[in-house]
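Chains as they are written, first to last, in the numbering used here: chain A, 1 to 512; chain B, 513 to 849; chain C, 850 to 1187. Okay, so here's the structure we're looking at.
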């Protein structure tokens, strides 16, 4: 970790002016300004889809901006590439790791800037430097281990170490604590303090209030690709930040849902998954209420509902749906029993992007006589039914023959929701339901859930968006490292109270 | 230009609305075909003679059938390298069964049934093997079908002792080769019938729909509750079944069971499908692309034969055409995005 | 600090798995096969048979090394068999032509022939690499096309007739010679394997090939130049195939367009895959691939000696190949069922 110490320059270390970026018709960034001073930790704050990750990708050279000026260290920068960014001292730590699974930690640390002599690798030298760096960082990492043998937390450490190899002037951290334990997070915070004292600038993406309180010097709030405001961290309140982030006071964002808990629809007993991501979990969800599950990335919350639906394999425990034992679940059986799952990653697991919306929406219903008889699709019936559902969900534009790939994130989620209306369902498993969709579409998704619950369905919401899962759920489970760490029932449901008590509870469960 | 307009007009009736670019694009290959035919005709008048056109149609029908077989698996992001050896194996097996049945004194009907039964049983067994290895054991289709490629070659040459198997009865050749319906040779009739049936299967049934969805996004299909593994097994069985039908037709043509009948068919069939516009990335293609590709390759080699272009040069041209075909497909995909 | 990490339970399992994965079952199988055959048939370890095995295994190993490199980078090379044939006929033709122009100057004749043969390899490799890396056409289709084209060129040059007219020295003094009791091909193969192992472990090229095959996006973000290295893998593969063609030509004494072919191509892929090279890319070691080539050759030889019908032998190869990969997939454990 060779940190350049230069005297505090007159102008900020990084100065962005009017940066815009479009992706196939979507304006991801709209004339955004950002200043990061040397020795400052600057938090980017915003909802998913607000433009944070596009912005850090622009800063680290992955995407070129369409317009705007980019100054770094007092110089105008043009045609930035990932390689040139690293050479000038801009080091990103992405959430999607830039690690090669089949190589070792040290091979990954030096990837793209190996120490060589005439094309030959100098392995001993690199190992020495990798060791020195890891020791200096105080990470619990073995440089000779392969990445695919490491836990997610250790991979995160390797990714951070990789960013700190070489000369660093601006470090970008994208939710670095999402998969770290308390102790590792503490280490990281010490490291951040050290870097700040060495005059390194930091961009830090997070929506954890606790971290923002502990670390931030300034906070820039982004919404819908626009720069909303840059505030002094010390002079802003949580409520103010959230309000800026969402663009409205919080009580307007979530619908009021009349929960009427009825019989237990999903009952999970001592469930342990084959890959160990969920251990001895007891959990139940009732009809007529939303059951929330919150927790860190990799805590097993998604895996839990995926196991109920039948995508992950359980090694022990029992699942009961509506009181009846459900052995070795499979998606097709789950649907027949009235259980539907809405995946977090709609591109990878939800939609066949190049196929028409109609086919995507009817995908889960092709076993029903309404859509097919003797294996032959009833094309007219399919068209009429899906067109009706999509009108009901206010798909815009309402053409069901367009390919799903042409839709925005919100409309893609509507296609997924449309599947729910093609058949009789009683249990709805939502995995990160609002990831990658805009505020308007979010509201529609929440309204959809509200209608489901009030019609007597059991809805389970897994979310990393803490305000969302808090506001929506009647009962909330918190998971940590594969186990249920707490079960909370909402009693004090005033806006600020929920937020602050949530973070206190969250802290308590992390320590426990 | 008239060809182009015709094709565009024909495409208009298709239900999913296509953009102008799409329509123009889907006309490229038919236009190229027409240009090719006219070009060869300029060199050799014989190319456009009715006899040669019928000849082209008949030759195309075999390759088209095999290209359709490949298309079915390519739709699901797989392919079948073992198709050629399967053809050899089916040819030898059905010829042996018929010779045996004849020798044990059965009537013509029983002999035919024995031949067809043995042929399709071998084909389906091969498809089951491929499907089980790919879908249930999770082996890459390349390795799985390369394995069955070797196995099928071994079985074909062992059964036949490396020599052509005689004893294919005349009625067999009559039905599957020399016979005709309203003057249309048997091979064309069978391929057209199979093509129509396969088109309906792909476009109108849950099974067909599943192939496209699985090929486009296998994980999404599984999450949506589709029986992905079962469908994949069925896909490979369908592919090998079609290959077996083609093998029976080719055996009827040669009049004997040939252990080398399949030869380079695996790759030719893949080339046919790919040149016609079936995407190796899965989810795109159909009977139309298979037939177009097969027609293109057949016309090309027929024309080159008639214009006395060296057979070895033809190999070079075919290789270039395959690469061009895929390159064009990639450019087309980029234009869409 | 490291011991603490490794000592925890799940990592212990992991390291066991990776040890098994890294050394592999293959050397053990090879030993069993050799021991078994030696016990059953004395002919097996006779000098003639051993030399025969070494020659064939060496040729296969050279091609398989190149093939493995391409597969590790996430590609495929179907054209290797055709390149073997093309290099063979081009080498022979060039030597015959040079011999006619400059009779007696053996060094020049041989040098020109070998250069022409290797040049064919470079040319085909560049075409493959260019189409895959720059034009982004799938490696399978590109090399399917160049396979057909290359084989066609080879046949065009010769009309399918063997080409003679090479200097005696090239055949007797090189192709059929032995040094330290080993045939020439074995020496060449050893050098190739050593160089390739070194390249894989110690050079930037080898490291980047792993990185590109392992995760292209991460390699790009880390500043690895992708296209140049992909072209490199195809060139190496084709050049090694050409080298095999030259060795085969020297050994047989004539250039033939029937050398190599589909059989060599399929065997090279089989050797790579059985040798633990993952078709998903990013995984595989040259030395294991070489052992796998030796294993396949000895297996074929053993089947011959045991009088297993040669026609039935492909069945064994097919079953072993599928079983090897199926076992690998199963041991990987279906983490998620989707």
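Ideal Cβ positions, reconstructed from N, Cα and C, are used throughout, including at glycine. In this text the structure is predicted, and so the values were computed from the model without any measurement.
If we ignore side chains and look at the alpha-carbon of each, how far apart do residue 1116 (chain C) and residue 174 (chain A) end up?
-> One Cα belongs to residue 1116 (chain C), the other to residue 174 (chain A), and the distance between them is close to 47 Å.
Members of the segment 986-1002 of chain C that neighbour chain B once the beta carbon cut-off is set at 8 Å = Within the segment 986-1002 of chain C, contact with chain B at the beta-carbon level (separation under 8 Å) is assigned to 986, 987, 989, 990, 991, 993, 994, 995, 996, 997, 998, 999, 1000, 1001, 1002.
Beta strand (DSSP E) containing residue 475 (chain A): first to last residue?
-> Taken as a continuous stretch (DSSP letters only), the beta strand (DSSP E) holding residue 475 (chain A) covers 475-480.
Specify whether the segment 1116-1131 of chain C and the segment 644-662 of chain B touch according to this definition: at least 3 beta carbon pairs, one from each stretch, less than 8 Å apart.
-> These segments touch.
For residue 841 (chain B), does the count of other Cβ atoms within 10 angstroms reach 16, so buried, or fall short, so exposed?
-> With 16 or more other Cβ atoms from the protein chains shown falling within 10 Å of its own Cβ, residue 841 (chain B) counts as buried.
Hey, could you find the ends of the alpha helix (DSSP H) residue 995 (chain C) is sitting in?
-> Run containing residue 995 (chain C): 988-1007, per the alpha helix (DSSP H) assignment.
First and last residue of the alpha helix (DSSP H) that includes residue 267 (chain A)?
-> Note, residue 267 (chain A): premise wrong, no alpha helix (DSSP H); beta strand (DSSP E) at 264-273.
Is any beta-carbon of chain A found at less than 9 Å from that of residue 860 (chain C)?
-> Caution is warranted here: a pLDDT of 39 is assigned to residue 860 (chain C), below 50, making its placement in the model unreliable, and no coordinate value can be reported.
Out of curiosity, what's the CA-to-CA distance linking residue 126 (chain A) and residue 154 (chain A)?
-> Each residue's CA atom was taken as its position, placing residue 126 (chain A) and residue 154 (chain A) some 20 Å apart.
Reduced DSSP category for residue 230 (chain A) - H, G, I as helix; E, B as strand; rest coil = In the three-state scheme derived from DSSP, where H, G and I count as helix and E and B as strand, residue 230 (chain A) is classed as strand.
Using 10 angstroms around the beta-carbon of residue 251 (chain A), count the other beta-carbons present and answer buried if the total reaches 16, otherwise exposed.
-> With a pLDDT of 49 at residue 251 (chain A), under the threshold of 50, the predicted position of this residue should be treated as unreliable, though the coordinate-derived value follows. Residue environment analysis places residue 251 (chain A) among the exposed positions, since fewer than 16 neighbouring C-beta atoms fall within 10 angstroms of its C-beta.
Residue 924 (chain C) and residue 1003 (chain C) look like a contact to me (Cβ under 8 Å); what is the Cβ gap, rounded to whole Å?
-> In fact, because the Cβ distance is near 23 Å, the residues do not count as touching under 8 Å.
When DSSP labels each residue in this structure, what does residue 80 (chain A) get in the three-state scheme?
-> Per DSSP, reduced to three states, the secondary structure at residue 80 (chain A) is coil, with no helix or strand assignment.
Measure from the alpha carbon of residue 774 (chain B) to the alpha carbon of each residue in B:592, B:551, B:565, B:558, then state which is nearest.
-> Ranked by Cα distance from residue 774 (chain B), the first of B:592, B:551, B:565, B:558 is B:592.
Beta-carbon neighbours of residue 699 (chain B), restricted to chain A and to distances below 8 Å = The premise fails here: residue 699 (chain B) is roughly 29 Å from chain A at the closest Cβ pair, so nothing lies under 8 Å.
Among B:745, B:628, B:732, nearest to residue 769 (chain B) - alpha-carbon criterion = Of B:745, B:628, B:732, the residue nearest in Cα terms is B:628.
With distances taken between CB atoms, is the gap from residue 1056 (chain C) to residue 107 (chain A) smaller than 9 Å?
-> For residue 1056 (chain C) and residue 107 (chain A), yes; Cβs fall inside 9 Å.
Chain B within 9 Å of residue 1118 (chain C), Cβ atoms only | Yes, its Cβ sits closer than 9 Å to a Cβ of chain B.
Looking at the structure shown, is residue 826 (chain B) part of a helix, part of a strand, or coil, going by DSSP?
-> Under the three-state reduction of DSSP output, residue 826 (chain B) falls in the helix class.
For my contact list, residue 450 (chain A) and residue 255 (chain A) are in at a C-beta cut-off of 8 Å; report their separation, rounded to the angstrom.
-> About 5 Å; that satisfies the 8 Å criterion.
Give the secondary structure of residue 803 (chain C) by DSSP, where H, G and I count as helix, E and B as strand, and everything else as coil.
-> Residue coverage of chain C in this structure runs from 850 to 1187, which leaves residue 803 (chain C) outside it and unanswerable.
What whole-angstrom Cβ distance do residue 966 (chain C) and residue 939 (chain C) have, given they're in contact under 8 Å?
-> About 6 Å; that satisfies the 8 Å criterion.
Taking the C-alpha atoms as reference points, what is the distance between residue 362 (chain A) and residue 43 (chain A)?
-> If you take the alpha carbons of residue 362 (chain A) and residue 43 (chain A), they lie about 43 Å apart.
For residue 31 (chain A), does the three-state DSSP call read helix, strand or coil?
-> Here residue 31 (chain A) sits in strand by DSSP.
Out of curiosity, what's the CA-to-CA distance linking residue 68 (chain A) and residue 236 (chain A)?
-> Roughly 29 Å separates the two Cα atoms.
Residues of its chain near residue 571 (chain B), where Cβ-Cβ distance is below 6 Å and the 5 sequence neighbours each way are ignored = Residues of the same chain with a CB within less than 6 Å of the CB of residue 571 (chain B), apart from the 5 flanking positions on each side, are 810 in chain order.
Nearest-angstrom Cα distance between residue 890 (chain C) and residue 1154 (chain C)?
-> The C-alpha of residue 1154 (chain C) is placed about 8 Å away from the C-alpha of residue 890 (chain C).
Mind listing, in chain order, the continuous alpha helix (DSSP H) runs of no fewer than 4 residues lying wholly within the segment 642-723 of chain B?
-> The qualifying runs are 653-672, 682-685, 698-716.
Check residue 585 (chain B) in the structure and name its three-state DSSP category.
-> Helix.
What's the call for residue 52 (chain A), buried or exposed, on a 16-neighbour Cβ count within 10 Å?
-> By the neighbour-count rule (16 or more Cβ atoms within 10 Å), residue 52 (chain A) is buried.
How is residue 1111 (chain C) classed by DSSP in three states: helix, strand or coil?
-> If DSSP states are grouped into helix, strand and coil, residue 1111 (chain C) belongs with the helices.
Is residue 283 (chain A) helix, strand or coil by DSSP?
-> Of the three classes helix, strand and coil, the one that applies to residue 283 (chain A) here is strand, per DSSP.
What are the boundary residues of the beta strand (DSSP E) that includes residue 487 (chain A)?
-> First-last of the beta strand (DSSP E) with residue 487 (chain A): 483-489.
Chain A contact for residue 1069 (chain C) (CB, 9 Å cutoff) | For residue 1069 (chain C), the answer is yes, since a Cβ of chain A falls inside 9 Å of its Cβ.
Quick one: Cα of residue 407 (chain A) to Cα of residue 395 (chain A), how far?
-> So the alpha carbons of these two residues sit roughly 10 Å apart.
Which ranges would you report for the alpha helix (DSSP H) in the segment 1009-1093 of chain C if only whole runs of at least 4 residues count?
-> Qualifying alpha helix (DSSP H) stretches, in chain order: 1033-1051, 1053-1063, 1065-1070.
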